[in-house]
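Peer 1:
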Amino acid sequence: MADPAPRVIVNPAAGQGACGRAWPEIEAGLRAALGAIDVVMTTKAGEETGLARQGVADGANHFIAVGGDGTMNGVVNGIMVDGAPAHDKIALSVIPAGTANELARAIGVHGDQSGAIQGIASGREQRFDLLQADCGALDGGDHRHYGALAVSWGGAAEIVYRTNNSKFLKKLGGRFSYYVNTLMVTLTYPMQRCDLTIDDQLFTDQVYYSGLICNTEMLGGGMRLAPGADHSDGVADFLFFKDIPRRQIILQKPSWLFEGHHIEHPKVDYVRGREFTVKGGAKALVDADGETIGRLPLAVTTLKQALPVIG
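Per my numbering, the very first residue in the sequence shown carries number 2; after that it's consecutive.
(1) Do you know offhand how far His263's Cα is from Leu240's?
(2) In chain order, what residues of the same chain lie with their CB nearer than 7 Å to the CB of Tyr30, ignoring the 5 residues before and after it?
(3) In chain order, what residues of the same chain have a beta carbon less than 7 Å from the beta carbon of Gly229, not counting five sequence neighbours either side?
(4) Give me whichever residues DSSP pairs with Gln193 in a beta bridge.
(5) Taking Arg128 as part of the beta strand (DSSP E), name the residues at either end of that continuous run.
(6) With which residues is Gln202 paired in a DSSP beta bridge?
(7) Identify whether Ile121 lies in helix, strand or coil by the three-state DSSP scheme.
(8) Count the other C-beta atoms from every protein chain shown that fall within 10 angstroms of the C-beta of Thr205, then say buried if there are 16 or more, exposed otherwise.
(9) Assuming Asn74 contacts Gly148 (C-beta within less than 8 Å), just tell me the rounded distance between them.
(10) Give me whichever residues DSSP pairs with Phe259 in a beta bridge.
(11) If I follow the unbroken alpha helix (DSSP H) through Glu103, where does it start and stop?
(12) Leaving out five residues before and five after Leu104 in sequence, what residues of the same chain have Cβ atoms less than 7 Å from its Cβ?
(13) Between Val181 and Arg194, which are expected to be in contact by the criterion C-beta below 8 Å, what is the C-beta distance as a whole number of angstroms?
(14) Return helix, strand or coil for Gln253, following the three-state DSSP convention.
(15) By alpha-carbon positions, which one of Val301, Arg273, Arg163, Ile311 ends up nearest to Arg145?
(16) By alpha-carbon positions, which one of Pro191, Thr187, Leu226 ends up nearest to Ile251?
(17) Keeping to the same chain, check which residues put their C-beta closer than 8 Å to that of Lys243; ignore five residues upstream and five downstream.
(18) I'd like the ranges of any beta strand (DSSP E) spanning at least 3 consecutive residues and lying wholly in the segment 261-291.
(19) Among residues of its own chain, excluding the 5 on either side of Ala23, which ones have a beta-carbon nearer than 6 Å to its beta-carbon?
(20) Mind checking Val279: buried by the 16 CB within 10 Å criterion, or exposed?
(21) Would you check if the distance between the CB atom of Asp39 and the CB atom of Ala61 is smaller than 9 Å?
(22) Can you give me the C-alpha to C-alpha distance between Pro191 and Gly291, rounded to a whole angstrom?
(23) Which of the three DSSP states, helix, strand or coil, is assigned to Pro309?
(24) Does DSSP put Ala15 in a helix, in a strand, or in coil?
(25) So what does Ser94 bridge to, in DSSP terms?
(26) Put Ile214 into one of helix, strand or coil per three-state DSSP.
(27) Do Ala285 and Ala138 count as a contact pair if the criterion is CB distance below 9 Å?
(28) Between Arg54 and the rest of its own chain, which residues show a CB-CB distance below 6 Å, the 5 nearest in sequence each way excluded?
(29) Once you ignore the five residues that flank Met224 on each side, which residues in its own chain have a CB closer than 7 Å to its CB?
If you want it as structure tokens, here you go:
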């Protein structure tokens, strides 16, 4: 029996509509390279997970996410069940067409849609670690979510939340909205306290601005937040911004984050681990791959090479 056609999940709104405008050319390239494809389009934010789950139920094996990292993350969470793909033939591919395309960068096709299609057609497979995050749901109860890039809480997650909900600023550009909200959160977000464990080692009453558990080296539109991170080694890179004076953050050159110099600051901890827990009095927001997923408390487990990626 022939394999089912790849299920292509397209978010035409990604990149402020850039994905929709590019889609006819992408579709033609995919059909020329792969033959039959099964295309579904999102009509509102957050549909990707449900569409991917339906694809699994329909018997699809190969899922191609067309959009940005949010689209990719939605598809990942639709094909994962209890820490593993829904079945052993499932694989993910991405075609970069959003504001942020960091998984595509990690694959090696950042900003290169034709290159992404060629990589998919080649059948070249690599396996990515995933971050399994268990946290408090936004509406109460518990929530489990998977991240391919990073899980963050505190200031970084607050920036994501405000950016995704700043309708006026987003009209001026996704990156512009991100930078404005980064400045505002940096100036106003209060320092928090938490108890933290890294591979069963406990650190109590930690004062911090933000924490990030990173799977990939590059995040947030090209920032080298986790220098040297390896997305397939089963170990995550933990970045902890402690009580850094706001003035020191504001006055840093862009290279501080884009070239990875932040890890040299005495108030920034950078360590590696496989399992993490975060508990704190304040219900700080939690995000995964640029999507707000819940609030503290948080437990993150690194799933070694759990995600097959073709491209």
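Note that the Cβ used here is the ideal one computed from N, Cα and C, for glycine as well.
Peer 2: Concretely, from the data shown:
(1) 10 Å
(2) Here the sequence assigns Gly to residue 30, which means Tyr is not the residue at that position. Answer for Gly30: Ser115, Ile118, listed in chain order.
(3) Glu218
(4) Bridge partners of Gln193: Tyr209.
(5) 126-137
(6) Ile199
(7) Collapsing the DSSP output to three states places Ile121 in a helix.
(8) exposed
(9) 7 Å
(10) In the DSSP assignment, Phe259 forms no beta bridge with any residue.
(11) 103-108
(12) Asp70, Met73, Val95, Ala149, Leu150
(13) Going by Cβ atoms, the distance from Val181 to Arg194 rounds to 28 Å, so no, they are not a contact pair.
(14) coil
(15) Val301
(16) Nearest option by C-alpha distance: Thr187.
(17) Gln207, Val208, Tyr209, Tyr210, Lys268, Val269, Asp270
(18) Those beta strand (DSSP E) runs which fall completely within the segment 261-291 and span 3+ residues are 269-274, 276-280, 286-289.
(19) Result list for Ala23: Ala98, in chain order.
(20) Note on Val279: 16 or more other CB atoms within 10 angstroms of its CB, so buried under the neighbour-count rule.
(21) yes
(22) 21 Å
(23) strand
(24) Secondary structure at Ala15: coil, using DSSP grouped into helix, strand and coil.
(25) Ile65
(26) strand
(27) no
(28) Gly79
(29) Closer than 7 Å at the Cβ level, and outside the excluded window around Met224, lie Leu258, Phe259.
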